[in-house]
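Engineer:
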Amino acid sequence: MQQRTRLGVITSGSLNTGLTARLEARESVEDMRVGQFVVVNGEKNDFFSMITDVALEATNQKVLIDPPKADAFIQAVLAGTATYGTLQVRPQLMLPHDPTAQLSPVKTIPRHFSALYEAQEADFSRVFGEADRTHFEIGKPLDMEVPVCIDLERLIERSNGIFGKSGTGKSFLTRLLLCGTIQSGIASNLIFDMHNEYGRDARAEGNVFVKSLRQLFGSQVQVYTLDPDGAQHGSYDGEVVIGLNQIEIEDVIPLQDELNLSSTAGETASLLADHYKDRWLTQLLDMDSAEIKEFAEAHGAHAGAIGALKRKLAQISRLKFIHKQADFSVIDRLIDALAAKRHVVLEFGQHSSSLAYMLVANIITRRIHRRWMEKSETYNRTKNAADRPHPLMITIEEAHKFLNPTNAKQTIFGMIAREMRKYSVTLLVVDQRPSSIDNEVMSQIGTRITALLNDERDIDAVFTGVSGGTALKAVLATLDSKQQALVLGHAVPMPVVVRTRPYDEAFYKAMQQSSKGKPPVAPRTVDEETDDLFPD
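Residue numbers (our numbering): 215 to 750.
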């Protein structure tokens, strides 16, 4: 085994607040960084840990009251004896000295004067596993050249989030995760591509264009569009159009901010839907003032409220992809592709408004919700593996628009975040304002990949329900603005700061080579899932 570098010894600490280590005299405080990984060597276990703070201490405060001037010799004499550095260390996992034993959560602490060492590659491999069909490299530690992998099987079990302020590379992080799930075949992906970044090559900094998912994985990825004129070289598999007859009240109410709807809009729309069924929106938009007055008198409604609703919903009819009548054939074909274990990017082209994005995402996801629920109920009844729905991950950007405290209880996305795990549908939410997402939804986010955030409310939201969140906030604050992220949650055994994997030619080659001729990952059995839900 590689010779370990001893950094210091444990001098105090507790299970709740973490450990304090005194730095060896020969080690420079400037070489110690928040987020760096270390190992505490206990009697029975090694404690895989993260540095959460670095501090300066002195054995005698009088030294600090009258510090030596610019005398390098005196400073050198005092360093490591009268003055020294300390590290705040947060144990994350217990590694038994028996290499065949399983890792376990931290439930105790090492004794006084236990040695503190640098973490080695072997430690990372033991903790995070090695890249294989179900373990995907997301990046490397800040100070080492060893892969850090996430467990894709655990990733798709729950909804997940990618957070960070604008310009920190959320889209590249999203591409990495999507490539991992596509490469492994472990789940289908539906990407609502608001900014046209995933189905076509996109421009990165320095006017460099990066490859699309379609270019990397070929026919495994299908591209649908709302804007055929803007599609890249006409390369798309279907044009999505929405009919007024396809829009339900549940699709309209979450648009209250975009349409400036009143609090009574839902009740007014319900009266129309009760009478006209799926023609409610068409009939409303065709009504003149006399017909509005007549309907209001007949149904006990307010004519002014109906007129206001008509004016505001007219914005929907002016969207170019909205037709008076349409069927679900193209959308059903899109959903069939997902059920057949393919992946779909839905491009919005020039229709990049929040109104268009939320309306289309709601309509399509609502039909997916129904299909996967039906398939799950059939599977539960027959116990036939052929009836089991293939896991599906739905990627949404600007997620707070769907999942804010008001809309989370009404939109189909809120229901998926809370309940659809048992039906094999999860979300990948991408957002720069996690504080705007409902707390109940945030508590259901299994794995969180977070780039730099500045707003205290956003930082607090990321650590909702996370043990040891206070120490991790300090780690998050030290991230660079590019190509660094804090990964924590269900798909990794412990929080880890990584230099994210570059999305470059080497990555393209790795994806294309590894995906050739690979069968999809076998679905987990009912017994395996039950063991996860009810561990021994």
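Glycine included, every Cβ here is placed at the ideal spot set by N, Cα and C. Computed from a predicted structure; not experimentally measured.
#1: Return the chain-ordered ranges of every beta strand (DSSP E) run that is complete within the stretch 561–647 and spans a minimum of 3 residues.
#2: Leaving out the 5 sequence neighbours to the left and right, which residues in its chain are closer than 7 Å to Ala685 when beta-carbon positions are compared?
#3: Have a look at the DSSP bridge pairing and note the partners of Asp267.
#4: Going by beta carbon distance, what residues of the same chain come within less than 6 Å of His614, once the five residues before and after it are set aside?
#5: Measure the CB-CB distance between Ile610 and His583 and report whether it falls below 9 Å.
#6: Just checking, does the stretch 453–464 make contact with the stretch 530–544 on the three C-beta pairs under 8 Å criterion?
#7: Near Met637, what residues of its chain come up, given a Cβ to Cβ distance below 6 Å and the 5 sequence neighbours on each side ignored?
#8: Within a Cβ cutoff of 8 Å, which residues of the same chain sit near Gln624, ignoring the five residues on either side of it in sequence?
#9: In angstroms, rounded to a whole number, what distance separates the CA positions of Ile608 and Ala554?
#10: Should the stretch 405–419 be called in touch with the stretch 428–440, which here means at least 3 C-beta pairs below 8 Å?
#11: Using the C-alpha atoms, what's the distance from Asp546 back to Leu503?
#12: Sort out for me which residues DSSP pairs Ala272 with in a bridge.
#13: What is the rounded straight-line gap between the Cα of Arg632 and the Cα of Gly480?
#14: Among residues of its own chain, excluding the 5 on either side of Pro605, which ones have a beta-carbon nearer than 6 Å to its beta-carbon?
#15: Glu241: which of Gln529, Gly256, Arg715 and Tyr331 sits nearest, CA to CA?
#16: Under a Cβ-count criterion, where at least 16 other Cβ atoms within 10 Å of its own Cβ denotes burial, should Leu747 be classed as buried or exposed?
#17: If we count the other Cβ atoms within 10 Å of its Cβ and call it buried at 16 or more, is Pro319 buried or exposed?
#18: Can you check whether the CB of Leu642 is closer than 9 Å to the CB of Leu390?
#19: If you compare alpha carbons, which of Phe251, Thr322 and Leu427 is closest to Arg218?
#20: Is the stretch 365–382 touching the stretch 694–707 in the sense that three or more CB pairs, one from each, lie closer than 8 Å?
#21: Going along the chain, which residues of its own chain have a beta-carbon closer than 8 Å to the beta-carbon of Ala515, five neighbours each way excluded?
#22: Over the uninterrupted beta strand (DSSP E) stretch that includes Phe251, give me the two end residues.
#23: Within 10 angstroms of the Cβ of Ile578, are there 16 or more other Cβ atoms? Answer buried if so, exposed if not.
#24: Look up Asn374 in the DSSP assignment and give the residues it is bridged to.
#25: Give the DSSP-derived three-state secondary structure of Phe342 in the structure shown.
#26: Helix, strand or coil: how does DSSP classify Leu498 here?
#27: Going by DSSP in three states, Arg236 sits in which element: helix, strand or coil?
#28: Could you give the C-beta distance for Asn374 and Gly660, rounded to a whole number, given that I count them as a contact under 8 Å?
#29: Which runs of the beta strand (DSSP E) at least 3 residues long sit entirely within the stretch 411–469? Give them in chain order.
#30: Helix, strand or coil for Gly518, going by three-state DSSP, please let me know.
#31: Buried or exposed, going by whether 16 or more other CB atoms sit within 10 Å of the CB of Ile224?
#32: Drop a sphere of 10 angstroms on the beta-carbon of Val422, count the other beta-carbons inside from all chains shown, and report buried for 16 or more, exposed for fewer.
#33: Rounding to the nearest angstrom, what Cα-Cα distance links Val655 and Arg236 in this structure?
#34: Determine the closest residue to Val248 out of Leu533, Asp443, Ser226 and Leu356, with distance taken between C-alpha atoms.
#35: DSSP state of Phe350, grouped into three classes?
#36: I need the straight-line Cα distance from Leu309 to Phe261, nearest angstrom please.
Structural biologist: Let's see:
#1: Counting only runs that start and end inside the stretch 561–647, the beta strand (DSSP E) elements of at least 3 residues fall at 606–611 and 639–645.
#2: Indexing the sequence shown from 1 puts residue 685 at position 471. Excluding residues within five positions, the ones whose Cβ falls inside 7 Å are Gly232, Thr266 and Arg304.
#3: Position 53 of the sequence shown, counted from the first residue, corresponds to residue 267. BP columns for Asp267 point to Gln302.
#4: Looking up residue 614 in the sequence shown gives position 400. Cβ within range, chain order: Asp645, Arg647, Ser650 and Ile651.
#5: Counting from one through the sequence shown, the residue named residue 610 turns up at place 396. Counting from one through the sequence shown, the residue named residue 583 turns up at place 369. Not in contact: Ile610 and His583 (Cβ atoms no closer than 9 Å).
#6: For the pair of segments examined, the stretch 453–464 was found to touch the stretch 530–544: the number of CB pairs separated by less than 8 Å reaches three.
#7: Looking up residue 637 in the sequence shown gives position 423. The sequence shown places Tyr at residue 637, not Met. If we look at Tyr637 and ignore the five residues flanking it on each side, its Cβ neighbours are Trp586, Met587 and Ser590.
#8: In the sequence shown, residue 624 corresponds to position 410, counting from 1. Only Glu464, Ile467 and Pro468 meet the Cβ criterion.
#9: Residue mapping note: residue 608 aligns to position 394 of the sequence shown, counting from 1. Residue mapping note: residue 554 aligns to position 340 of the sequence shown, counting from 1. If I take the Cα positions, the gap works out to 15 Å.
#10: The stretch 405–419 is in contact with the stretch 428–440.
#11: For this step, residue 503 is matched to residue 289 along the sequence shown. For this step, residue 546 is matched to residue 332 along the sequence shown. The sequence shown places Ser at residue 503, rather than the Leu named in the question. About 37 Å.
#12: Position 58 of the sequence shown, counted from the first residue, corresponds to residue 272. In DSSP, Ala272 forms a bridge with Thr297.
#13: Against the sequence shown, residue 632 aligns to sequence position 418. Against the sequence shown, residue 480 aligns to sequence position 266. C-alpha separation (whole angstroms): 23 Å.
#14: Numbered from 1 along the sequence shown, position 391 holds the residue referred to as residue 605. Excluding sequence neighbours, Pro605 sits near Ile370, Ala401 and Ser638.
#15: In the sequence shown, residue 241 corresponds to position 27, counting from 1. By alpha-carbon distance to Glu241, the top candidate from Gln529, Gly256, Arg715 and Tyr331 is Tyr331.
#16: Numbered from its first residue, the sequence shown carries residue 747 at position 533. Residue placement at Leu747 is poorly supported in this model, since its pLDDT is 40, which falls under 50; the coordinates still yield a value, given next. By the neighbour-count rule (16 or more Cβ atoms within 10 Å), Leu747 is not buried but exposed.
#17: Counted from its first residue, the sequence shown places residue 319 at position 105. Counting Cβ neighbours within 10 Å, Pro319 comes out exposed, since fewer than 16 surround it.
#18: As a position in the sequence shown, residue 390 is number 176, starting the count at 1. As a position in the sequence shown, residue 642 is number 428, starting the count at 1. If you check the CB distance, Leu390 and Leu642 do not come in under 9 Å.
#19: The residue you call residue 218 lines up with position 4 of the sequence shown. Nearest of Phe251, Thr322 and Leu427 to Arg218, Cα basis: Phe251.
#20: Contact holds: three or more Cβ-Cβ distances are below 8 Å.
#21: If you number the sequence shown from 1, residue 515 lands on position 301. Answer for Ala515: Thr482, Leu485 and Phe509, listed in chain order.
#22: Mapped onto the sequence shown, residue 251 falls at position 37. Counting along the chain, the beta strand (DSSP E) containing Phe251 begins and ends at Phe251 to Asn255.
#23: If you number the sequence shown from 1, residue 578 lands on position 364. The residue in question, Ile578, is buried, as its Cβ has 16 or more Cβ neighbours within 10 Å.
#24: Locating residue 374 in the sequence shown gives position 160, where the first residue counts as 1. Bridge partners of Asn374: Leu642 and Thr661.
#25: On the sequence shown, residue 342 is found 128 positions in, with the first residue counted as 1. Three-state result, Phe342: helix.
#26: For the purposes of this step, residue 498 is taken as the residue at position 284 of the sequence shown. For Leu498, the three-state secondary structure derived from DSSP is helix.
#27: Indexing the sequence shown from 1 puts residue 236 at position 22. Arg236 carries a strand assignment under DSSP once its states are collapsed to helix, strand and coil.
#28: Taking the first residue of the sequence shown as position 1, residue 374 is located at position 160. Taking the first residue of the sequence shown as position 1, residue 660 is located at position 446. Contact between Asn374 and Gly660 is confirmed by a C-beta separation of about 6 Å, below the 8 Å threshold.
#29: If we require 3 residues or more, the beta strand (DSSP E) runs fully inside the stretch 411–469 come out as 435–439.
#30: If you number the sequence shown from 1, residue 518 lands on position 304. Of the three classes helix, strand and coil, the one that applies to Gly518 here is helix, per DSSP.
#31: Taking the sequence shown and counting its residues from 1, one reaches residue 224 at position 10. Around the beta carbon of Ile224, 16 or more other beta carbons sit within 10 angstroms, so the residue counts as buried.
#32: Taking the first residue of the sequence shown as 1, we reach residue 422 at position 208. When all chains shown are included, Val422 counts as exposed.
#33: As a first step, residue 655 must be located in the sequence shown, where it is residue number 441. As a first step, residue 236 must be located in the sequence shown, where it is residue number 22. Distance between the alpha carbons of Val655 and Arg236 is about 41 Å.
#34: Along the sequence shown, one-based indexing puts residue 248 at 34. Among Leu533, Asp443, Ser226 and Leu356, the Cα nearest to that of Val248 belongs to Leu356.
#35: What you label residue 350 is simply residue 136 of the sequence shown in a count that begins at 1. Of the three classes helix, strand and coil, the one that applies to Phe350 here is strand, per DSSP.
#36: The sequence position of residue 309 within the sequence shown is 95, counting from 1. The sequence position of residue 261 within the sequence shown is 47, counting from 1. Each residue's alpha carbon lies about 6 Å from the other.
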